[in-house]
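These notes concern the structure reproduced below.
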Amino acid sequence: RRSSALAALGGALAAVGAVREAPAEAKLKSLSRDDGMTDFSKLDGMLKKDFAQAQDETRCRSKEEGEERPYCLTREVNDQNKLAAEAKGEKYVEQKGTLSKGSYGV
């Protein structure tokens, strides 16, 4: 046991000694040019494009286009009923979607 502990300790000291003999030199970048912070002017345009694409992908579509989200279908029904009521000269009160009560049974 003692011999293995001494061998491990000697190996660790030899490894530390080898590292100390040849110090590593860090390659420093020149700070005159800020390479990490190049050009953010393009970033704003890219974000706007990505945001517009995400908005288009998640917008509510009609039921005929395959929309299944309940709030989108409720909005579609409300829009149709509102147009029909306005054509008759009536005031339309929009339907509100009700949230699920969940498993609480309330």
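FYI, the numbering for the sequence shown is 77 to 182, going by the working numbering.
Glycine is no exception: its CB is placed at the ideal position from the N, C-alpha and C atoms.
If you're wondering where the values come from, they're calculated on a predicted model, not measured in any experiment.
Got a sec, what are the start and stop residues for the alpha helix (DSSP H) residue i sits in?
i: valine 153; result: 146-164
i: glycine 142; result: Per DSSP, glycine 142 belongs to no alpha helix (DSSP H) and is neither H nor E.
i: glutamate 170; result: Element bounds for glutamate 170: n/a, residue is neither H nor E.
i: phenylalanine 127; result: 117-134
Distance, Cα to Cα, residue i vs residue j?
i: valine 95; j: phenylalanine 116; result: Any reading at valine 95 must be qualified, since the residue scores a pLDDT of 48, below 50, and its modelled position is unreliable; the value itself is stated next. If you take the alpha carbons of valine 95 and phenylalanine 116, they lie about 41 Å apart.
i: aspartate 155; j: glutamate 141; result: 16 Å
i: glutamate 143; j: valine 153; result: 13 Å
i: glutamate 162; j: serine 138; result: 21 Å
i: lysine 124; j: arginine 145; result: 26 Å
i: glycine 165; j: alanine 128; result: 37 Å
I'd like to know if residue i contacts chain B, where contact means its C-beta is closer than 9 Å to some C-beta of that chain.
i: lysine 164; result: The chain labelled as chain B is not found in the depicted structure, where only one protein chain is given.
Looking at residue i: is its Cβ nearer than 9 Å to the Cβ of residue j?
i: tyrosine 168; j: lysine 158; result: yes
i: glutamine 131; j: threonine 150; result: no
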